[in-house]
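Asker: Residue numbers (the UniProt record's numbering): 1 to 212.
The C-beta atom is built at its ideal place from N, Cα and C for all residues, glycine as well.
Values in this document were obtained by computation on a predicted structure and should not be read as measured data.
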Amino acid sequence: MPQAPEPPNYLTPYVDAEKRLGPGFEATLWARRETQEIRFRVFAEQLDLSGKTILDAGCGPGDFAAWLQTHGIGYGRYVGIDGVEPVVEHANARGLPDAEFRAGDLVTDAALLATGSPEVTIISGTLNTMDLATATRVLENAWAGTSSVLAFNFLPDTAGPGATPQLHPAVRLPTMHLLAWALAQTWDVLYRQDYFAHGHDGTVVMRKHARA
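1. Can you tell me the Cα-Cα spacing of residue 215 and Leu155, whole angstroms?
2. Just the C-alpha distance for Gly160 and Leu178, rounded to the nearest angstrom, thanks.
3. For Arg33 and Ala184, what's the separation of their Cα atoms in angstroms?
4. Measure from the alpha carbon of Glu85 to the alpha carbon of each residue in Leu96, Arg77 and Ala103, then state which is nearest.
5. Could you say which of Thr134, Arg41, Trp143 and Gly116 lies nearest to Leu68 if we only look at CA atoms?
6. Count the other CB atoms within 10 Å of the CB of Asn128; is the residue buried (16 or more) or exposed (fewer)?
7. Enumerate, from N- to C-terminal direction, the unbroken beta strand (DSSP E) stretches of 3 or more residues contained entirely within the UniProt domain "Methyltransferase" (54-142).
8. In angstroms, rounded to a whole number, what distance separates the CA positions of Thr136 and Ala142?
9. Out of Glu45, Arg77 and Ala110, which one is the CA nearest neighbour of Leu139?
10. Looking only at its chain, what residues have a beta carbon closer than 7 Å to the beta carbon of Gln166, apart from the 5 residues adjacent to it on each side?
11. Rounded C-beta distance between Pro118 and Leu47? I'm assuming under 8 Å.
12. Taking the straight line between their C-alpha atoms, what separation do you get for Leu132 and Val120?
13. Phe40 lies in the beta strand (DSSP E); which residues open and close that run?
14. Measuring CB to CB, does Leu49 end up less than 7 Å from Ile81?
15. Between the alpha carbons of Pro2 and Ala93, how many angstroms are there, rounded?
16. Quick one: what does DSSP say Ala197 is sitting in, helix, strand or coil?
17. Return yes when the Cβ of Val149 is within less than 7 Å of the Cβ of Arg211, no when it is not.
Have a look at this one:
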């Protein structure tokens with residue numbers, strides 16, 4: 001029987017984590033659930049999700065959908081995509097209302113970033129193991145795939161000297177490069193780097209507007 005191909009380097013840490021720790025929260029490689037939920041809160045503070053179709057690109061075990069349900073934040077439809085199949089199976093098994101989860105590689109299959117015709121696309125933690133070229137390609141395809149909003153977080157290289165050092169596989173990306181890219185797509189860009197000590201994490205929200 002032929003061996004399964006090795007996962008790409010940006011997925012390998014998550015594949016390995018799932019094998020060692022199971023398909024739940026630990027497979028996301030977030031240090032603590034509390035810090036994951038702070039990132040979710042930042043998204044929720046900036047976005048009106050009521051009635052919207054959400055695409056969660058790199059959804060893990062569906063934790064953001066579960067967090068929205070727990071906090072009474074309604075949405076119309078929720079579609080999650082993740083590259084680790086056992087994690088996707090776990091997400092579907094949670095039975096979250098109006099939510100479905102699919103397996104696929106967002107980097108190699110750009111069409112996945114238009115799944116469900118999303119109005120709001122969320123990328124939380126997904127860029128943390130990608131180099132700049134790969135991350136930019138994912139963002140470009142996500143921006144093309146959403147009809148209204150793209151919101152993503154990343155590890156910024158503009159964090160203060162007291163920020164938690166990032167060890168492999170985590171990668172800090174150039175903040176000013178990503179902001180310049182975002183502003184080249186739309187004038188409506190929000191950036192926050194104030195919700196963790198020393199600016200450890202950054203969140204960008206981009207909105208589309210009809211051309212005059």
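Answerer: Taking the structure as given:
1. Within the shown structure, residues of the chain are numbered from 1 to 212, placing residue 215 beyond reach of any answer.
2. The residue you call residue 160 lines up with position 160 of the sequence shown. The residue you call residue 178 lines up with position 178 of the sequence shown. Rounded to whole angstroms, the separation of the alpha carbons of Leu178 and Gly160 is 18 Å.
3. Stepping through the sequence shown from its first residue, residue 33 is reached at position 33. Stepping through the sequence shown from its first residue, residue 184 is reached at position 184. So the alpha carbons of these two residues sit roughly 34 Å apart.
4. For the purposes of this step, residue 85 is identified with residue 85 of the sequence shown, where counting begins at 1. That would be Ala103, whose Cα lies nearest to the Cα of Glu85.
5. One-based indexing of the sequence shown puts residue 68 at position 68. The residue with the shortest Cα to Cα distance from Leu68 is Arg41.
6. Indexing the sequence shown from 1 puts residue 128 at position 128. Result: buried.
7. Counting only runs of 3 or more, we get 77-82, 99-103 and 120-123.
8. Here residue 136 refers to the residue found at position 136 when the sequence shown is read from its first residue. Here residue 142 refers to the residue found at position 142 when the sequence shown is read from its first residue. Rounded to whole angstroms, Thr136 to Ala142 spans 10 Å at the Cα level.
9. Here residue 139 corresponds to residue number 139 of the sequence shown, with the count starting at 1. Of the candidates Glu45, Arg77 and Ala110, the one whose C-alpha sits nearest the C-alpha of Leu139 is Ala110.
10. As a first step, residue 166 is located in the sequence shown; it is residue number 166 there, counting from the start. Leu155 and Arg172.
11. Numbered from its first residue, the sequence shown carries residue 118 at position 118. Numbered from its first residue, the sequence shown carries residue 47 at position 47. With a Cβ gap of about 12 Å, Pro118 and Leu47 do not count as contacting.
12. On the sequence shown, residue 132 is found 132 positions in, with the first residue counted as 1. On the sequence shown, residue 120 is found 120 positions in, with the first residue counted as 1. CA-to-CA, the gap between Leu132 and Val120 works out to about 23 Å.
13. Indexing the sequence shown from 1 puts residue 40 at position 40. Here Phe40 belongs to no beta strand (DSSP E); instead the alpha helix (DSSP H) covers Arg33 to Gln46.
14. Mapped onto the sequence shown, residue 49 falls at position 49. Mapped onto the sequence shown, residue 81 falls at position 81. Taking the C-beta atoms as reference points, Ile81 is found no nearer than 7 Å to Leu49.
15. By one-based count along the sequence shown, residue 2 stands at place 2. By one-based count along the sequence shown, residue 93 stands at place 93. Confidence at Pro2 is low in this model, with a pLDDT of 48, below 50, so the placement of that residue should be treated as unreliable; the coordinate-derived value is given next. Answer to the nearest angstrom: the Cα atoms are 29 Å apart.
16. In the sequence shown, counting from the first residue as 1, residue 197 sits at position 197. Helix at Ala197.
17. Indexing the sequence shown from 1 puts residue 211 at position 211. Indexing the sequence shown from 1 puts residue 149 at position 149. No; because the gap between Cβ atoms is not below 7 Å, this pair is not in contact.
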